[in-house]
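Scroll down for the structure; my scribbles are underneath it.
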Amino acid sequence: MVYFLTWGAVLGLASGCAPGPLLVLVISETLRYDVRAGIKVALAPVITDLPIILFAHLVLSNLSDHQSILGVISLVGGCFVVYMAYENLRAEYLEPDLTDNRPRSLMKGMWANMLSPHPYLFWISVGAPLLNKAISTSPAASIAFLGGFYALLVGSKVLLAILVGRSKSFLQGAVYRNIMRLLGLLLGVLALLLFRDGLDLLGVL
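Residue numbers (the working numbering): 5 to 209.
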């Protein structure tokens with residue numbers, strides 16, 4: 005259970021801090037309105053991810069007897085995690101768009117998350133395979149994975165909104181860059197594990 009909780013937390017933190025439409029929107033809403041608006045955006049994945057998770061889980065469950073397909077999916081997941089690691093390692097700072105003056109922060113966050121390819125790619129290639137493995141281990145393991153993932157995914161964005169609300173210079177500071185680089189290295193480790201699982205399923209190892 006600790007294994008799934010750890011990787012759920014690492015993936016949640018990396019996804020929560022990685023540059024992307026939702027993170028930029030968290031910052032934009034915080035700067036334009038207040039911290040509460042940024043927090044509303046941060047909560048959007050909790051609402052919009054459920055259909056994506058169910059779809060990915062059902063698809064992969066039906067492929068449980070097709071080891072080669074699961075191996076390919078694991079390799080694709082490894083490539084996606086490498087991309088996430090690269091994005092984290094090269095992150096410097098974010099430039100929020102402050103041109104839109106309309107409210108409805110939660111709704112904007114939901115649309116930003118639903119229209120972004122990242123959650124779909126993540127859950128199909130990385131999240132659902134790990135979730136399925138957790139489910140096969142025990143119900144507690146699956147709860148630990150999802151709990152760790154969303155606690156850190158949402159929590160990191162909420163923390164960023166609070167930091168931005170108090171100090172706008174945080175986005176250009178060394179703390180942000182160092183956190184992103186550490187997460188990039190952790191994602192690199194996870195990518196190697198996914199590559200190993202994929203090659204094992206394909207019978208290469």
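Each residue gets a CB set at the ideal place from its N, CA and C atoms; glycine is no exception.
The model shown is predicted, which means the values in this text are computed figures rather than measured ones.
Check: At what residues does the alpha helix (DSSP H) containing L3 begin and finish?
Finding: In the structure as shown, the chain starts at 5 and stops at 209, and residue 3 therefore has no counterpart that could be examined.
Margin query: Assess contact between the region 34-45 and the region 165-172, defined as three or more Cβ pairs (one per stretch) separated by less than 8 Å. Is contact present?
Written below: At 8 Å Cβ cutoff, the stretches touch.
Notebook entry, point to check: Exposed or buried, S171, counting other C-beta atoms within 10 Å across all chains shown (16 or more means buried)?
Noted result: Translated into the one-based positions of the sequence shown, residue 171 becomes position 167. Per the 10 Å Cβ criterion, exposed.
Check: So does the region 197-206 actually touch the region 79-86, counting three or more Cβ pairs closer than 8 Å?
Finding: Three or more pairs of CB atoms, one per stretch, sit closer than 8 Å, so the region 197-206 contacts the region 79-86.
Next item on the list: Taking 8 Å as the threshold, find out whether the region 22-41 comes into contact with the region 126-135 through three or more Cβ pairs.
Entry: With a cut-off of 8 Å, the region 126-135 and the region 22-41 do not count as touching, because too few Cβ pairs lie within range.
Checklist line | Distance between P25 and S120 (C-alpha atoms, nearest Å) | finding: For the purposes of this step, residue 120 is identified with residue 116 of the sequence shown, where counting begins at 1. For the purposes of this step, residue 25 is identified with residue 21 of the sequence shown, where counting begins at 1. Rounded to the nearest angstrom, the two C-alpha atoms are 7 Å apart.
Margin query: Within a Cβ cutoff of 7 Å, which residues of the same chain sit near H122, ignoring the five residues on either side of it in sequence?
Written below: If you number the sequence shown from 1, residue 122 lands on position 118. A distance below 7 Å between beta-carbons, with the five flanking residues on each side excluded, links H122 to the following residues of its chain, in chain order: G24.
Margin query: For a test of the three-state rule: what should DSSP assign to D53, helix, strand or coil?
Written below: For the purposes of this step, residue 53 is taken as residue 49 along the sequence shown, with counting starting at 1. Collapsing the DSSP output to three states places D53 in a helix.
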